[in-house]
Amino acid sequence: MKLLFLGDVMGRAGRRAITDNLPRLRQEWKLDFIVINGENATSGIGLSGAHAKTLLEAGADCITLGDHAFDQKDMLQFIEQEPRVIRPLNFSKAAPGKGARLFTAQNGRKVLVAQALGQVFMKRPFDDPFSAVEPVLKTHPLGGQAAAVIVDMHCEATSEKMAMGHFCDGRASLVVGTHTHVPTADAMVLPGGTAYLTDAGMCGDYNSVIGMEKAEPLRRFITGMPRERFIPAAGEATLAGVYVETDDRTGKAARIAMVRNGGLLEAAAP
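All residue numbers for the sequence shown refer to this note's numbering, where the first residue is 1 and numbers rise by one.
Quick look at the structure:
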């Protein structure tokens with residue numbers, strides 16, 4: 001299978017890059033399944049139901065969220081109505097929606113997508129992500145009903161993301177980090193056959209401070225005092241993420257390639 005995962009969509013610029021480019025990329029790269037992290041797609045904080053529909057209509061087969069999952073309050077209801085949007089497994093036992101789901105790709109094969117939140121350096125305490133992911137992987141063994149398994153590890157610490165990659169090695173097709181909005185350069189296939197990337201980066205304007213217009217973040221770093229709210233940067237966005245090809249028999253990764261399309265970052269494609 002040919003899989004595409006795109007990092008955190010950031011505001012209007014990120015949404016525009018998705019709608020303008022994703023349908024074309026799906027055809028050019030003959031993609032079977034596309035996952036997008038959408039947790040910053042609405043004003044840079046959370047995802048609204050309307051903007052979730054925009055991403056799905058552009059070609060996303062699944063949207064993952066993150067620690068800002070329900071910052072847009074209508075997502076509390078929308079996620080119950082739209083199974084293609086999932087929130088982290090360990091967000092809260094009382095949270096609506098699901099943290100993992102089995103999807104049917106365009107080629108008819110099943111793809112499991114799961115997301116977990118890390119604990120290190122996060123502002124809120126979350127349950128252990130490893131014990132949250134374990135029963136999901138056991139229930140959906142790779143190469144069985146699930147032809148591919150994708151795990152989105154949403155957290156700050158690179159070490160925690162790497163630990164999740166090795167924890168899932170041989171049991172997932174792809175483990176990819178999200179949340180920091182900066183793409184890392186360590187795309188690889190781990191010894192057990194799992195494709196891994198510490199962070200997919202963001203789909204947003206990189207002439208910014210992690211997707212936000214520069215003035216207010218700079219002011220806060222320099223003075224320690226807030227003056228205005230953060231506003232997503234509105235220039236041309238780069239689509240950043242990762243492409244993976246899997247072995248049809250085992251579901252393990254045969255190939256991984258970084259993706260950077262448009263905007264300021266150096267181009268990269270399968």
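Every residue gets a Cβ at the ideal spot worked out from N, C-alpha and C, and that includes glycine.
| Asked | Found |
| --- | --- |
| Cutoff 6 Å; reference A172; Cβ partners in own chain excluding five residues on either side | V149, V151 and T194 |
| Status (buried if at least 16 other CB within 10 Å, exposed otherwise) for G14 | buried |
| Per-residue DSSP class, three states only, for H154 | strand |
| Residues bridged to R101 (per DSSP) | V113 |
| Residues sharing a beta bridge with T238, DSSP | G204 |
| Proximity of V111 and F33 at Cβ, strictly below 8 Å | yes |
| DSSP beta-bridge partners of C62 | V35 |
| Check whether L55 and I36 have beta carbons under 8 Å apart | yes |
| DSSP-derived helix/strand/coil call for V302 | Outside the shown range of the chain, which is 1 to 270, sits residue 302, and nothing can be said about it. |
| Pair within 8 Å by beta-carbon distance, G262 and E236 | yes |
| Nearest residue (CA-CA) to A163, options G144, A52 and Q119 | Q119 |
| Residue burial classification, S208 (beta-carbon count within 10 angstroms, cutoff 16) | buried |
| Simplified DSSP state of M162, which is helix, strand or coil | helix |
| Residues bridged to V175 (per DSSP) | V151 and Y196 |
| Check whether P183 and G204 have beta carbons under 8 Å apart | no |
| Cβ pair count under 8 Å reaching 3, the stretch 174 to 181 against the stretch 77 to 88 | no |
| Secondary structure of R227, DSSP reduced to three states | coil |
| Buried versus exposed, by CB contacts within 10 Å (16 or more), K138 | exposed |
| Beta-carbon spacing of G97, I79 below 8 Å | yes |
| Anticipated Cβ contact below 8 Å, M354 with M153, distance rounded | The structure shown has nothing for residue 354, since the chain only spans 1 to 270. |
| C-beta atoms of G38 and A240 nearer than 8 Å | no |
| Assumed close pair C62, F126 - CB separation to whole angstroms, cut-off 8 Å | Incorrect: roughly 21 Å between the Cβ atoms, too far for contact. |
| Alpha carbon of G46 to alpha carbon of N107, nearest angstrom | 31 Å |
| Backbone CA spacing between A234 and R249 [nearest angstrom] | 43 Å |
| H68 versus K30 - alpha carbon distance | 32 Å |
| C-alpha gap between M225 and R219, whole angstroms | 7 Å |
| Alpha carbon of G143 to alpha carbon of E160, nearest angstrom | 26 Å |
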